[in-house]
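Mapping of the sequence shown onto full-length UniProt numbering: residues 1 to 745, in sequence order. Glycine is no exception: its CB is placed at the ideal position from the N, C-alpha and C atoms. Okay, so here's the structure we're looking at.
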Amino acid sequence: MPTLFWSQQLSITINLTFPNISQSLHFPCCTHVPAGKGLCLAWFSFLQTCGISSNLDCEWLMEHGLGSLQQDTASRLLGQYTGRKGNTSLTRSRKGLQKQKEMSSSVQLFRDQKYHELKRQCIQQGRLFEDPEFPASDESLFYQRAPPKKVEWKRPKDLCEDPHLFVNGISSHDLHQGSLGNCWFVAACSCLALREPLWQQVIPDFEEQEWDSKKPEKYAGIFRFRFWCFGKWTEVVVDDLLPTIDGKLIYCHSNVKNEFWSALLEKAYAKLAGSYEALDGGSAADAIVDFTGAVAESIDLVQGKYSEIISEQMKLFEDLLKVHKRGGLISCFITDSSGSANEVETAMGLIIGHAYSVTAVRKLHLGERLTFSFKAEKLFMIRLRNPWGKKEWNGAWSDNSEEWKKVSNAERKSLGLTIENDGEFWMTFEDWCKNFTDVDICRIVNTSYFSIHKTWEKKMMHGAWAKSSEPLLNRCGGCFDNKTFLQNPQYIFDVKKTEDKVLVSLQQEDRRRYKKEGKGENIIIGFEIFKVEDNRSYRIHNLTVQERVATSPYINTRTVFLKRILKQGRYVLIPTTYLPGITTKFILRLFTDVPSKLRELTDDKPKMTCWSLLCGYPRRITQIKIHSAEGLQKQDRSGGADPYVLVKCENQKVRSPVQHDTTSAVFNTQVIFYRKNIDSPVIVQVWNSNVLCDQFLGQALLAASPSDPREEQTLQLRGRGSQEADEVPGHITVKVFSSDDLVEL
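Below you can see the structure in the form of structure tokens.
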């Protein structure tokens, strides 16, 4: 689809009717600005006019500021950011934009429970909400084991005199784990508490949900939370009945007796998982992704030898520093390979098998008076928090260590150092790499047009590994080691720049809800990336002619992540389970610098249509790899040229990237054709790129029949015309593969 530009409209007008405001805002359309971005600019100007300062994502505006949703957008924005209501309309003075595809980002309702409707019913009937979808009973607590004592479900008003959602705001120090083995969840909550824009997504309209002592009749005992579930924001409604033993909360709770945001958030998350017991054991990265929609990356510090290789250690530190500065969330833990030492304290005060949240990453600049003690002028530091709220690191730079005595009070204050057993402590990054085994990095990938930081283009696809007895329809072929590997979903994307950093996230569906059936373990998943022909449009059937350029880790985590720098060209990404025959759903997210046009390959070959009877149907498939061209005629004073290859087959043309200032160019360009007229040769031409008019340098004609040799061959370039045309300077090296079986390649 061609890109539409803002200038294709004459203008956009936003008519605003609002308390104390009545005006029409008119925005002339700029030239050379993509239409979606232009509309966003108009909306941002509109928000500023209304006195609203926000960090709205432009994707959200593009999705909600157009089409059938446009009438409600401004009113919803005003309500969200000011609590006031207004009436707006948006009109276009010229229908210069085609209706854009609306990617629905509306929040889906878990179990179809409507918060406002349920709350209104309870207030009208003068009762407190009791959730029938997650009842106050043992089935919501456990699916296998029984509680050690009788559990009583109590409302916050029964546990304290003045309950609140928040007391003095929200902090990473608010939470304590309780008796459930979900330190990973508490660590994720601690990370979330550090980022106000993120926790406000999870706890929407928190002020409206808060207890109001002046209007107790408006309290209905109902709360709502939002989680990013498998690519969609999902709203979960819960009542305020919380499990207690001997009058005390048995699960996650706050430092402050009358603060309940963490306990209610945990209840909503348990409802999503099926029960509280389903939260026993998990990954902080998974919870953070569910809170934010972030992209999770897990790094094995031992396998990567980060404690030994200083250069890699410094790269990791800079990466964590950048992630933390840009709003990302980080957690870490110590793995015991035997599994027998979980929850055991090490000699240095750290807990094995325990998730810690990273609350700061800093470079500590040392004063001149400290240079006699340290060779470097600065230290690389990391601050952690234990979800237990106690038990801290007791090594160098721990709360009471001698090192802090050498740091001024001002420096301590800037670091937020407190000398108390609150579960938060500092370490040098070197010590952290030596003592921890794993780190989960959750990146909040920036997709906003309006940012001083790098902006990424995002594409997300939902898919599934599905079983079929028909090989061409089977989509669960297992990993690369299996003969059925290509019987998996295949996704194609383009890298348009000379080089581009690519982020790939493959996430399987959350399997916690299957724990009750004994099937709650994650499946081992991963993916492969192949560089393919520049014009491929159909599924791969043969790997001998493709180049494997990247392989992800294969691991039984919910998310597998990979970042790579890829060269210009077209690529096919194949997500797989490790073993064949396993079925489940997944989402694939791809982030690139420029649009990648990620899409699934579903067809094995061109479809037979009624036009095929009139125009013919392909009889042969031909793949050509143009490796290089040498000895080309010099085109400029410096003795070089700017050559590129143009491959013609019937009515199709494929052009390679230009190679600059050389008469011996390496192209490594692949093309593929489905040929109807097999007697017509494939023409490979070499051209010199010029500013005004490109210059023809020579060509070679290829019969490209199945009987031709499949090894590399070097061909003399000739002038235009037949195979007997005059020779011209230069020759090309090519490799040709043809078959009359259209699904052989």
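- DSSP places Asn409 within a helical segment (H, G or I) once states are collapsed to three.
- By the Cβ rule, the region 619–631 counts as touching the region 723–738, because three or more pairs are nearer than 8 Å.
- In this structure, the alpha-carbon of Gln699 lies about 15 Å from that of Ser680.
- At a Cβ-Cβ threshold of 8 Å, Arg675 and Arg710 do not count as neighbours.
- Contact between Val502 and Leu590 holds, since their C-beta atoms are separated by about 7 Å, short of 8 Å.
- Residue burial annotation: Arg512 is buried, with at least 16 other C-beta atoms found within 10 angstroms of its C-beta.
- By the criterion of a C-beta distance shorter than 8 Å, Asp534 is surrounded in its chain by Gly569, Arg570, Val654, Ser656, Thr669, Gln670, Val671, once the five residues flanking it on both sides are discounted.
- Between the region 262–271 and the region 223–238, the count of C-beta pairs closer than 8 Å reaches three or more; the two stretches touch.
- Taken through DSSP and simplified to helix, strand or coil, Arg443 comes out as strand.
- Cβ atoms of Thr576 and Phe527 come within 8 Å of each other, at about 6 Å.
- The residues Arg675, Lys676, Asn677, Ser680, in chain order, have a CB closer than 7 Å to that of Glu650 in the same chain once the five nearest residues on each side in sequence are set aside.
- Listed in chain order, the beta strand (DSSP E) runs fully inside the region 699–736 are 713–718, counting runs of at least 3 residues.
- Straight through space, the alpha carbons of Phe485 and Gln508 are spaced by roughly 18 Å.
- Taking C-alpha positions only, Ile382 is separated from Glu424 by approximately 11 Å.
- In this structure, Ile587 keeps its C-beta atom at 8 Å or more from the C-beta atom of Gln490.
- With a threshold of 16 other beta carbon atoms within 10 Å, Asn488 meets it and is buried.
- Within the model, the alpha-carbon separation for Asp422 versus Tyr554 is close to 38 Å.
- Proximity of the region 179–197 to the region 354–367 meets the contact definition, three or more beta-carbon pairs being nearer than 8 Å.
- Sixteen is the threshold: when 16 or more other Cβ atoms of the shown chains lie within 10 Å of the Cβ of Trp199, as they do, the residue is buried.
- Contact between Pro729 and Gln635 does not hold, since the beta-carbon distance rounds to 11 Å and is not under 8 Å.
- Between the region 438–448 and the region 325–339, the count of Cβ pairs shorter than 8 Å is three or higher; the stretches touch.
- Burial check for His253: the Cβ neighbour count within 10 Å reaches 16 or more, so the residue is buried.
- As computed with DSSP, Glu297 is found in a beta bridge with Ile441.
- Cβ contact annotation for Glu744 (same chain, cutoff 8 Å, sequence separation greater than five): His541, Asn542, Ile621, in chain order.
- In the pairwise beta carbon analysis, the region 130–137 is classified as not touching the region 245–265: fewer than three pairs are separated by under 8 Å.
- Judged by beta-carbon spacing, Asp604 lies within the 8 Å limit of Tyr538, meaning their Cβ atoms are closer than that value.
- As the crow flies, the alpha-carbon of Lys531 is around 19 Å from that of Glu712.
- The beta-carbon distance between Leu242 and Trp153, rounded to whole angstroms, is 7 Å. This is short enough to meet the 8 Å contact definition.
- In this structure, the straight-line span from the alpha carbon of Tyr644 to that of Trp611 is close to 34 Å.
- Going by beta carbons, Leu320 and Ile310 fall outside the 8 Å limit.
- Cβ contact annotation for Asn446 (same chain, cutoff 8 Å, sequence separation greater than five): Arg326, His453, Lys454, Thr455, Trp456, in chain order.
- Look at Pro156 here: in three-state DSSP terms it is helix.
- For Lys519, same chain residues with a beta-carbon under 8 Å away, outside a window of 5 residues either side, are Arg511 in chain order.
- Distances from the alpha-carbon of Ile351 to those of Leu379, Lys378, Lys391 put Lys391 closest.
- Judged by DSSP secondary structure, Gln507 falls within the beta strand (DSSP E) whose first and last residues are 490–508.
- Between the alpha carbons of Pro204 and Thr234 lies a distance of about 12 Å.
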